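Here the protein sequences come in this chain order: A and B.
Here my numbering is used: the first residue of the first sequence is 24, the next is one more, and so on.
Here my numbering is used: the first residue of the second sequence is 1370, the next is one more, and so on.
Note sheet for the following structure.
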Amino acid sequence: MASGLSKIEIITNFTKFAELQSELGHLGVRGMTVSQVLGCGIQKGSAEYAIEENEEIVLLPKQMITLVVETEKVHDIVEVVKQTLYTGHIGDGKIFVSSLDNVIKVRTGDEGVDAL
Amino acid sequence: MEEKKLGLGSVISTSVGLVIATSCLVSLGQGAGSVGIVFIGAMVVACLLNMTTIGSLSELNALMPNITGGLAQYTLACMGPLPTIISMVGGYLICNILSSGVEASIFAYAMAEVIPLPIPSIVYTAVMMIVVMATNLIGVDMFAKVQDLVAFLLVGSMVLMGLIGIFKLGTGTVVVQPANMASSPAEVISMTAVAFWLFIGAEFAIPISGQVKNAKRNVPLGMALGLLVILLMQAIMVLGFYHYTPWDALAESAAPHMLYGELLLGKAGKIWMAFVAALAVISTQNSGVNGLAYIGQGMAKMNMLPQIFAKTNKRGVPYIGVISISAAMFLFAYISDGSSGMIEFLILVGSVFWMITYIFAHIDVLILRKKLPHAPRSFKVPCGPLFPLIGIIGTSYMIFYISTDLHERLMIWLITGVTMLVLGIYAFFWTKYKMKMPVLKAVPIEKVMAMDNEMYYKIRKKRGIW
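Here it is as structure tokens:
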């Protein structure tokens, strides 16, 4: 079922959140969910300046920002998120984009784009 | 999180800061004196060529933002330690210390001429250098406040003096002479080599980019606006020269800006021009001390200079760099006091290295586009490789025509070659035994970024790796 909606999940560190929130607001993103999470990437949580990679996985505090948006806006939003989060350092984050079957707004019963 | 203190205005004033030196005022007068107001055409070409460099450096800064000092790290990540050390030590540290030293001694002469006190001229230099050093030790915000004020007074004064000339409002005699002294378009094009000096150095805004608000927008925009401000201001000055200064007298004068001031407004104009020249020197010294100290700090963090240059005071200023660079500039000001000819020659040699760093910057852009084609760049030079290639060709042309005198040109290339060899030997051993890295292998960008963190060395020292 094609709803014309996509989900964007952004996992990043805390330092850029305020700027990201502001940029998303300017793009007309109408809602977001922010969760504090623990996680690591391919470096298993090693610090950028570490001599060698951690043997055991170390989970680092991160935040995950979940957005549901119209599919045609995904490209623009992802570009802005990439530009905003980029520092060139390990830990800038990852962006996951997936298509969504449907969204239902409980209060009104609206579905799809109308539910955003 | 560290608070960003500087705005667009400070980026513009820092860009303008190093560019407008007394030597530029001399080049401007002599260039205009040679071909007339069509020198503005050569200035436009030179400005556009420098814009390509600013564009490339802005793209590199977008890829590696907030890195201490910048500049050195870009080449390190693209070509490895040896070319980086040669170009940065030769082009930035030595060249700018020499040229700022000579500028400072010119300042002393200007002051001694204007202030009739029985004080040795070097005292003026010493006082100015101490004030600039103290300002920079207080912090980047104090540096910027002084720079904003000096740049505003400098640009304002030059525009005003130019406008007085354009509208024939001066007290001197208006000169009637042909506007164009060039016999062919080729003569104007050849003057771009002279005009190039009027715009070199705007990239000194990059070392402060870590302290700039909205740096992604303000750093490239500020540097470009800085160059445009310089172009506009100097074009106004050339038009002012046209009405008050005979072209041949301008071309032959050792201090054409002072000549213009005198012919425009008499003794008052000469004093005003001396004041402008003094501001130009203060501006150059201030930008130079600040920029070089941060470049030195960045190089020390990459272990390309002794670690002592990375030490900061409680205001985050690399104070060893500020003090040692100020002292070195003063030393050269003292040495060049009366024997500036040889040092000016050495500046030309250093400038070749400086231009080589510009060429490296363009090459870095092309390499990183290949290595990191998808990395988000908040600023990207448009039209693919076109502008970096124009920059490489144009800057090579400037190196080729570094001097109009063939003998001097050959000597410059010879000394450049010898210096490059000496620096190359030093860089080879430093890289091999101190940095313990392959001399010509590019350092991965993530490692360059990691080396910027002071913990990189702390944990290695703790483990006995350093």
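C-beta atoms are modelled at their ideal positions from N, C-alpha and C, and glycine is treated no differently.
Note that the structure is predicted; figures quoted are calculated from it, not measured.
*In its own chain, which residues sit with a C-beta less than 7 Å from the C-beta of Met1412(B), not counting the 5 before and 5 after it?*
Ala1564, Leu1567, Leu1600, Gln1603, Ala1604
*Measure the C-alpha to C-alpha separation of Gln1654(B) and Leu50(A) and round it to an integer number of angstroms.*
Take the alpha-carbon of Gln1654(B) and the one of Leu50(A): they are about 44 Å apart.
_Against chain A: residues of the segment 1781–1796 of chain B by CB proximity under 7 Å_ = none
*Could you give the DSSP three-state label for Lys1636(B): helix, strand or coil?*
Looking at Lys1636(B) - three-state DSSP - the assignment turns out to be helix.
*Does the beta carbon of Glu75(A) come closer than 7 Å to any beta carbon on chain B?*
no
*Specify, as a first and last residue, the run of the beta strand (DSSP E) that Ile31(A) falls within.*
28–35
*Starting from Pro1554(B), trace the alpha helix (DSSP H) both ways and give me its first and last residue.*
Here the alpha helix (DSSP H) through Pro1554(B) covers 1554–1559.
_Does the CB of Asn1822(B) have a neighbour CB from chain A at under 7 Å?_
yes
*Leaving aside the five residues before and after Thr1391(B) along the sequence, list all residues of the same chain whose C-beta is less than 7 Å from its C-beta, in chain order.*
Spatial neighbours of Thr1391(B) in its own chain (CB-CB distance under 7 Å, excluding positions within 5 residues in sequence) are listed in chain order as Glu1472, Ile1475, Ala1646, Ala1649, Val1650.
*Identify each residue in the segment 1399–1431 of chain B for which the Cβ-Cβ distance to at least one residue of chain A is less than 8 Å, and report them in chain order.*
none
*Do three or more CB pairs link the segment 1373–1389 of chain B to the segment 1573–1586 of chain B at distances below 8 Å?*
Segment contact: the segment 1373–1389 of chain B against the segment 1573–1586 of chain B, three or more CB-CB distances shorter than 8 Å; contact assigned.
*Find the residues of chain D that neighbour Glu1815(B), judging by a C-beta separation of less than 9 Å, and give them in chain order.*
Chain labels in this structure do not include chain D; the protein chains are A and B.
*DSSP three-state assignment for Val1750(B), whether helix, strand or coil*: coil
*Between the Cα of Glu76(A) and the Cα atoms of Gly135(A), Leu83(A), Ile65(A), which residue gives the shortest distance?*
Ile65(A)
*asked:* Just to make sure I have the definition right: I need the residues of chain A whose C-beta is within less than 9 Å of the C-beta of Arg1829(B). Which are they?
replied: Tyr72, Ile74
*Just checking, does the segment 90–107 of chain A make contact with the segment 29–49 of chain A on the three C-beta pairs under 8 Å criterion?*
yes
*asked:* I need the boundaries of the beta strand (DSSP E) containing Ile88(A), first residue and last residue.
replied: 83–93
*Assign Glu1428(B) to buried or exposed, taking buried as 16 or more other Cβ atoms, counted over all protein chains shown, within 10 Å of its Cβ.*
Its Cβ being crowded by 16 or more others within 10 Å, Glu1428(B) is buried.
*Would you verify that the beta carbon of Gln106(A) is, or is not, closer than 7 Å to some beta carbon of chain B?*
It does; some Cβ of chain B falls within 7 Å.
*Jot down the residue ranges of each uninterrupted alpha helix (DSSP H) in the segment 1559–1618 of chain B, minimum 4 residues, whole runs only, in chain order.*
1561–1564, 1584–1613
*Under the three-state DSSP convention, the category Gly1685(B) falls into*: coil
*Whose C-beta lies closer than 7 Å to the C-beta of Ala1618(B) among residues of the same chain, with five residues either side of it excluded?*
Contacts found: Leu1628.
*Local conformation of Phe1797(B) per DSSP, three classes*: helix
*Taking the continuous alpha helix (DSSP H) assigned at Gln1442(B), which residues delimit it?*
1441–1448
*asked:* Can you check which of these residues, Tyr1766(B), Thr1437(B), Ile1466(B), Ala1574(B), is closest to Thr1681(B) by C-alpha distance?
replied: Thr1437(B)
*How many Å lie between Met1550(B) and Leu1634(B) at the Cα?*
25 Å
*Flag this pair as yes or no: are the beta carbons of Ile164(A) and Ile74(A) separated by less than 7 Å?*
Nothing in the structure corresponds to residue 164(A), since chain A is present only between 24 and 139.
*In chain order, what residues of the same chain lie with their CB nearer than 8 Å to the CB of Met1370(B), ignoring the 5 residues before and after it?*
Bear in mind that a pLDDT of 48 at Met1370(B), under 50, signals an unreliable position, so the model cannot answer this.
*Return no unless some Cβ of chain A is closer than 7 Å to the Cβ of Ser1705(B).*
no
*Should Ile1533(B) and Gly1539(B) be called a contact, given that it needs their Cβ atoms to be closer than 7 Å?*
yes
*Check whether the Cβ atoms of Leu1790(B) and Leu1451(B) sit closer than 7 Å, and answer yes or no.*
no
_Three Cβ pairs or more, each shorter than 8 Å: is that satisfied between the segment 1554–1562 of chain B and the segment 115–131 of chain A?_
Touching, no.
*asked:* Based on DSSP bridge pairs, tell me the residues matched to Val120(A).
replied: BP columns for Val120(A) point to Ile31(A).
*asked:* Gln1516(B) and Ser1622(B) - do their beta-carbons sit closer together than 7 Å?
replied: no
*Assign Ile1771(B) to one of three DSSP states: helix, strand, or coil.*
coil
*Who are the near neighbours of Lys1373(B) in its chain, counting only those whose CB is closer than 7 Å to its CB and skipping five residues on each side?*
Gln1580, Val1581, Lys1582
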